[in-house]
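Participant: Here it is, the structure, as structure tokens.
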DNA sequence: TATATTTGTAAGTGATTACTCACTAATATG
DNA sequence: CATATTAGTGAGTAATCACTTACAAATATA
């Protein structure tokens, strides 16, 4: 990957996350990256191809964050790590994280199955802890995760550490 | 309001909710509404003006749904009605409801203060019930509300009634 | 009924869109 | 060193964008 390719991906991520995919033109990306617009299409074929590359790169960086949850074997730790997820995402990744939420609502077919492995890990955890309804417990945890993450990204959470402790205490974790 | 104006608002809502604001052109709205494109600008000045009209109309229809929560005086009922909100929104309003979520992520400055009155009602309710941390309890309920609503709109909830009962039972409501 | 106002259209406008193409500069490989 | 491949540019393209304008039809008001 050349330095100009990196610049393109970085600018695209920033603009897509800030303004949205449809509201960002390829010419804007090129200008911010300091390259000719044609280069974007040489490397990524289309605007959609550029988006895919941006998402792929971001997912690579996010992978280990999810892995830590899915590979955890102690059931209480699975739940704890899931609920802590929004609080341990490094701030330099907020751009990509925000993009995920944006795309979920902006694109008709954006992969909604991404949470499947976490759902599986969670319902197994609740099953091992002998909860009455492990599937619904898992579902609710994922909804909380979604709501909390959304609020953090929208800058509606003033004290993250306080909220984190509150949630963990409530779940006795 | 003429019949053509109603047709415009209806088509705009449908397209904005389905494809998003930026991805929907005024010519598309005009075509679906069966009017000339110029008429949109005669009535609503700009594309943004059209969006505002669509949102205003929708909020009129949603108003009583929120009012029932904010005007409720029994604290347990405030919490119950809040958590039940995603389950009692009539399906014919899913379009406008979806638009609200879309705009929250698509527009930079979309009103994030809409939940303020509900936040106030909730923290008061938890205060009356002598919870240790009423503000954080209220905040968490709103995050759950957000996560659950999001999942319903994304068609990720198979059995709504089951989830509703589960949540209410968990909160002993 | 005369006229002012509103409703509506059709055909434009310049700007911007995603994308292409002919071409050069740099780099890799034999 | 020769040449094939890749990186990169700049000036295009047709299509579409939000929006305007000149004008006609319908409706309200006097």
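Chains as they are written, first to last, in our numbering: chain A, 1 to 173; chain B, 1001 to 1173. All C-beta atoms, glycine included, are put in the ideal place defined by N, C-alpha and C. All values derive from a computational prediction rather than experimental measurement.
At 8 Å on the CB atoms, spell out the chain B contacts of residue 133 (chain A), in chain order.
Facilitator: Chain B residues near residue 133 (chain A): 1166.
Participant: Determine the chain B residues that contact residue 101 (chain A) at a beta-carbon separation under 7 Å, and present them in chain order.
Facilitator: Per Cβ cutoff of 7 Å: 1105.
Participant: Does any CB atom of chain A fall closer than 7 Å to the CB of residue 1109 (chain B)?
Facilitator: False, the Cβ-Cβ gap to chain A never drops below 7 Å.
Participant: Starting from residue 99 (chain A) and walking both ways along the alpha helix (DSSP H), at which residues does that stretch end?
Facilitator: Residue 99 (chain A) -> alpha helix (DSSP H) spans 94 to 106.
Participant: Could you check the C-alpha separation between residue 150 (chain A) and residue 1146 (chain B) for me, to the nearest Å?
Facilitator: One C-alpha to the other measures close to 8 Å.
Participant: Does residue 69 (chain A) have its Cβ less than 7 Å from a Cβ in chain B?
Facilitator: Judged by the 7 Å Cβ criterion, residue 69 (chain A) is not in contact with chain B.
Participant: Whole angstroms are fine: how far does the CA of residue 1056 (chain B) sit from the CA of residue 100 (chain A)?
Facilitator: The straight-line gap from Cα to Cα measures roughly 28 Å.
Participant: Using 7 Å as the limit for Cβ to Cβ distance, is residue 1023 (chain B) near chain A?
Facilitator: Yes, residue 1023 (chain B) counts as interfacial toward chain A.
Participant: For residue 1020 (chain B), which residues in chain A fall below 7 Å Cβ to Cβ?
Facilitator: Going along chain A in sequence order, the residues near residue 1020 (chain B) (Cβ under 7 Å) are 22 and 106.
Participant: Since residue 1069 (chain B) and residue 1119 (chain B) are thought to touch, with beta carbons under 8 Å apart, how far apart are those beta carbons, to the nearest angstrom?
Facilitator: Contact flag wrong, Cβ pair sits at about 11 Å.
Participant: Determine whether the beta carbon atoms of residue 102 (chain A) and residue 49 (chain A) lie at a separation below 7 Å.
Facilitator: Not a contact, by the Cβ cut-off of 7 Å.
Participant: Can residue 75 (chain A) and residue 133 (chain A) be called in contact, C-beta distance under 7 Å?
Facilitator: In this structure, residue 133 (chain A) does not lie closer than 7 Å to residue 75 (chain A) by Cβ.
Participant: Going by the beta-carbon positions, is the gap between residue 163 (chain A) and residue 138 (chain A) smaller than 7 Å?
Facilitator: No, the pair does not count as a contact, with Cβ atoms beyond the cut-off.
Participant: Specify the secondary structure class of residue 136 (chain A) as computed by DSSP and reduced to three states.
Facilitator: Here residue 136 (chain A) sits in helix by DSSP.
Participant: Give the straight-line distance between the Cα atoms of residue 58 (chain A) and residue 96 (chain A), rounded to the nearest whole angstrom.
Facilitator: So the alpha carbons of these two residues sit roughly 6 Å apart.
Participant: Along the alpha helix (DSSP H) that carries residue 1124 (chain B), what are the first and last residues, could you check?
Facilitator: Residues 1116 to 1128.
Participant: Quick check on residue 112 (chain A) - is its C-beta less than 7 Å from some C-beta in chain B?
Facilitator: Yes, its Cβ sits closer than 7 Å to a Cβ of chain B.
Participant: Quick check: is the beta carbon of residue 27 (chain A) nearer than 7 Å to any beta carbon in chain B?
Facilitator: With 7 Å as the cut-off, residue 27 (chain A) does not count as an interface residue toward chain B.
Participant: Go through its chain and collect everything with a Cβ distance to residue 5 (chain A)'s Cβ below 7 Å, but skip five positions before and after it.
Facilitator: Excluding sequence neighbours, residue 5 (chain A) sits near 43.
Participant: How is residue 48 (chain A) classed by DSSP in three states: helix, strand or coil?
Facilitator: Of the three classes helix, strand and coil, the one that applies to residue 48 (chain A) here is helix, per DSSP.
Participant: Using a threshold of 7 Å, state whether the C-beta atoms of residue 1141 (chain B) and residue 143 (chain A) are closer than that.
Facilitator: No, the pair does not count as a contact, with Cβ atoms beyond the cut-off.
Participant: Find the residues of chain A that neighbour residue 1215 (chain B), judging by a C-beta separation of less than 9 Å, and give them in chain order.
Facilitator: Nothing about residue 1215 (chain B) can be read from this structure; chain B reaches only from 1001 to 1173.
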